Structures are given as C-alpha cells and as structure tokens.
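In this note's numbering, the protein residues as written are 4 to 160.
By construction, the Cβ of each residue, glycine as well, lies at the ideal position given by its N, Cα and C atoms.
None of the values given here were measured: they were computed from a predicted structure.
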Ligand SMILES: CC(C)(COP(=O)(O)OP(=O)(O)OC[C@H]1O[C@@H](n2cnc3c(N)ncnc32)[C@H](O)[C@@H]1OP(=O)(O)O)[C@@H](O)C(=O)NCCC(=O)NCCS
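What follows is the structure in structure tokens.
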C-alpha cells in the first residue's frame with residue numbers, strides 16, 4: 004500500500020464514471036496542449052471504454068480527471084491525468100493516481116504504463132520510471148499509414 008493521502012478536506016474523489024460531467028471534462032481537455040481539440044462525441048466514446056475513471060470534485064466543480072484502459076488482469080494504461088489550473092500543487096493529481104494504483108479492479112495488474120512528454124517528475128514521485136528500451140509507438144495518420152516521428156497528428160502528453 005502507498006502512504007495515506009495528504010489531500011485538503013474539501014476535495015471529494017469518485018470512481019463513478021456515470022458522474023463525469025462531459026461539459027466540464029471538455030473544459031479540462033481545453034487547458035491541455037494535447038487534448039484541446041477533442042470533441043464531445045469522441046470523449047464520450049473514449050469514456051465508455053475506460054475503466055476505472057477517477058474524478059476529483061470541489062463541490063459541484065470537477066477539478067480533476069483521469070481514466071484507465073486495462074484488461075483488469077495483467078496490464079493497465081493511464082490516460083488524461085488533468086487537474087484544473089486553479090487546483091494544482093495541492094496533491095489532487097497524486098491522490099487520483101493513488102486511487103488508480105490502488106483500485107480494487109486493478110488489484111492483480113502487474114504493470115502500469117503511460118505516456119508523457121513533460122510531466123516525468125510528477126509520475127516519478129509516484130514510482131513510475133522511464134524505460135527507453137521497452138517503449139514502441141505506432142502513430143496512424145488520417146490516411147492510415149505510419150506517421151513520421153515529427154508528425155503533429157499524434158498528440159500524446
Ligand atoms: C500533471 C498534473 C496532473 C499534476 O497535478 P497536481 O494536482 O498539480 O499534482 P500534485 O499536487 O499531486 O503534485 C504532486 C507532486 O508531483 C510533483 N509535481 C507536480 N506538478 C509538477 C510540476 N509541474 N513540476 C514538477 N513537479 C511537479 C511534485 O513533486 C508534487 O509535489 P509537491 O507539490 O509537494 O512538490 C497537473 O499539473 C496537470 O493537470 N497538468 C496539465 C495536464 C497534463 O499535462 N497532464 C499530464 C499528462 S501526461
């Protein structure tokens with residue numbers, strides 16, 4: 004088990020996907036460089052196929068979000084970890100990630116994977132490590148072929 008949370012009291016956490024407010028989620032994506040162009044239909048579909056989905060709430064305001072794609076047995080990938088600008092550096096990102104790593108439906112998962120270009124320190128604090136030898140990525144272009152490494156089509160944080 005990871006150490007106990009040190010999150011300020013007013014923030015509530017949920018793993019109820021049905022509770023996600025799509026309008027507020029789109030607003031959170033808008034503040035990222037990698038998710039700003041996502042549409043309501045795309046986001047709803049992605050959400051329908053993600054589990055668990057973790058949200059952080061300051062009253063009625065959704066101030067944090069992350070989602071997992073997993074076989075619920077061996078492997079899990081963590082996507083779209085976002086905390087509202089106004090609520091950063093208060094432990095909310097860390098608390099959401101702990102809820103992912105300790106989620107009962109992921110109890111047997113032995114490997115958690117994620118992509119990041121600029122938030123390594125945040126994930127390292129949680130125990131993630133960069134593995135240059137293992138990671139391979141195939142980016143698909145709109146035409147269906149493989150994108151060049153500099154193709155802006157693949158916007159993954
Ligand atoms: C990354 C992100 C989710 C972190 O959320 P957060 O709630 O601010 O993070 P926490 O307060 O839980 O931070 C926990 C620790 O992570 C580290 N950390 C968090 N943000 C950091 C940053 N910008 N630079 C360096 N370290 C950072 C610190 O060690 C921090 O502990 P400290 O505040 O006691 O020093 C948030 O900055 C964010 O939403 N960024 C924009 C979206 C994004 O890029 N998401 C990641 C996609 S890969």
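In the displayed model, residue 67 falls within a strand according to three-state DSSP. Within the same chain, 55 and 57 come within 6 angstroms of residue 18 by CB-CB distance, once the 5 residues on both sides are set aside.
In the DSSP assignment, residue 83 falls outside any alpha helix (DSSP H) and within the unbroken beta strand (DSSP E) covering 78-86. Sorting 77, 65 and 14 by C-alpha distance to the C-alpha of residue 29 places 65 at the top. Per DSSP, residue 115 is one residue of the beta strand (DSSP E) stretching across 114-116. At a cut-off of 6 angstroms, the beta-carbon of residue 141 does not count as near ligand 1: no heavy atom of the ligand is closer than that. Of all alpha-carbon atoms in 49, 97, 77 and 124, the one lying nearest the alpha-carbon of residue 25 is that of 49. Residue range 95-104 is occupied by the alpha helix (DSSP H) that includes residue 95.
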